[in-house]
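In UniProt numbering, the protein residues as written are 1 to 184. Built from N, CA and C at the ideal position, the CB exists for glycine as well. Everything on this sheet refers to the single structure shown next.
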Amino acid sequence: MKGSEGMQVYKNSEELIDQIKESYHKFIDEYEGIGDDVADERIDQVDKTPREMLSYQVGWINMILSWEKAEAGGEKITTPTPGYKWDQMRQLYHDFNIKYGSNGIENEKAELGSVVAELISWISDMSHDELFKPGERKWATTKAMWPVAKWIRINAVSPFNNYSRQVRKWKNFNLRDKKNAVNS
Numbered sequence: 001m002k003g004s005e006g007m008q009v010y011k012n013s014e015e016l017i018d019q020i021k022e023s024y025h026k027f028i029d030e031y032e033g034i035g036d037d038v039a040d041e042r043i044d045q046v047d048k049t050p051r052e053m054l055s056y057q058v059g060w061i062n063m064i065l066s067w068e069k070a071e072a073g074g075e076k077i078t079t080p081t082p083g084y085k086w087d088q089m090r091q092l093y094h095d096f097n098i099k100y101g102s103n104g105i106e107n108e109k110a111e112l113g114s115v116v117a118e119l120i121s122w123i124s125d126m127s128h129d130e131l132f133k134p135g136e137r138k139w140a141t142t143k144a145m146w147p148v149a150k151w152i153r154i155n156a157v158s159p160f161n162n163y164s165r166q167v168r169k170w171k172n173f174n175l176r177d178k179k180n181a182v183n184s
């Protein structure tokens with residue numbers, strides 16, 4: 001169901017969890033056939049490499065979970081993360097790639113699976129109000145007053161959906177070109 005802003009609205013945590021699982025599996029399944037030998041290859045038709053897209057997802061989900069852990073521990077929360085401002089996203093994404101993308105694509109896929117499982121577990125433990133009512137978390141309280149579910153949607157579900165299409169496009173152009181070069 002769509003809300004007034006065109007953004008997905010969920011009736012309950014189970015719907016959100018189902019959407020996360022579905023979009024995550026579509027995304028990660030696109031990595032079939034992509035190894036470390038090609039994961040960093042850039043093409044004109046897609047603005048990020050497969051490794052960068054994977055690193056982006058690991059980084060953002062880890063960041064959201066870190067905000068929650070910091071708030072639960074009574075710590076001061078710096079968003080997006082210490083050392084970065086909201087206008088420094090390009091550098092943050094570059095640093096995600098260095099931090100998460102340097103141990104091989106299979107390890108990074110495993111890391112993403114782990115943080116997605118942690119995200120789902122956290123959502124399962126939240127009350128309806130904590131998840132869907134604005135102002136329930138300090139880290140989620142901004143001028144826009146988004147509920148936690150919207151933060152999750154924008155930083156997990158939507159990128160999974162978008163990046164699954166981007167990885168597929170990357171494979172169609174990049175791997176097809178390699179196959180054509182071998183057959184020539």
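Please classify residue i: is it buried, with 16 or more other beta-carbons within 10 angstroms of its beta-carbon, or exposed?
i	result
R42	exposed
I98	exposed
N12	exposed
R51	buried
G3	Model confidence at G3 stands at a pLDDT of 45, short of 50, so the residue's coordinates are unreliable and nothing is read from them.
P159	buried
A39	buried
Relative to the C-alpha of residue i, which residue among the options is closest?
i	options	result
V116	I77, M126, T78, V58	V58
N103	G35, E30, S66, V157	G35
K171	D18, E22, I17, G33	G33
W122	A72, Y93, F96	A72
E14	E136, L175, K169, M126	M126
E75	R137, E30, T142	R137
The alpha helix (DSSP H) that contains residue i, what's its start and end?
i	result
W170	158-170
E75	That residue, E75, is in no alpha helix (DSSP H); it is neither H nor E in DSSP.
F173	Careful: F173 lies outside any alpha helix (DSSP H) and carries neither H nor E.
V115	105-125
N97	89-100
A149	148-152
E15	13-29
D129	128-132
Less than 8 angstroms separating the beta-carbons of residue i and residue j?
i	j	result
Q45	F173	yes
I20	I120	yes
A70	I61	no
V167	S23	no
S164	K48	no
N161	I64	no
W86	W139	no
S114	I17	no
Segment contact flag, the region 102-121 with the region 43-63, C-beta cutoff 8 angstroms, min 3 pairs: yes
Okay, do the region 118-133 and the region 143-155 touch, 3+ Cβ pairs below 8 angstroms being the bar? yes
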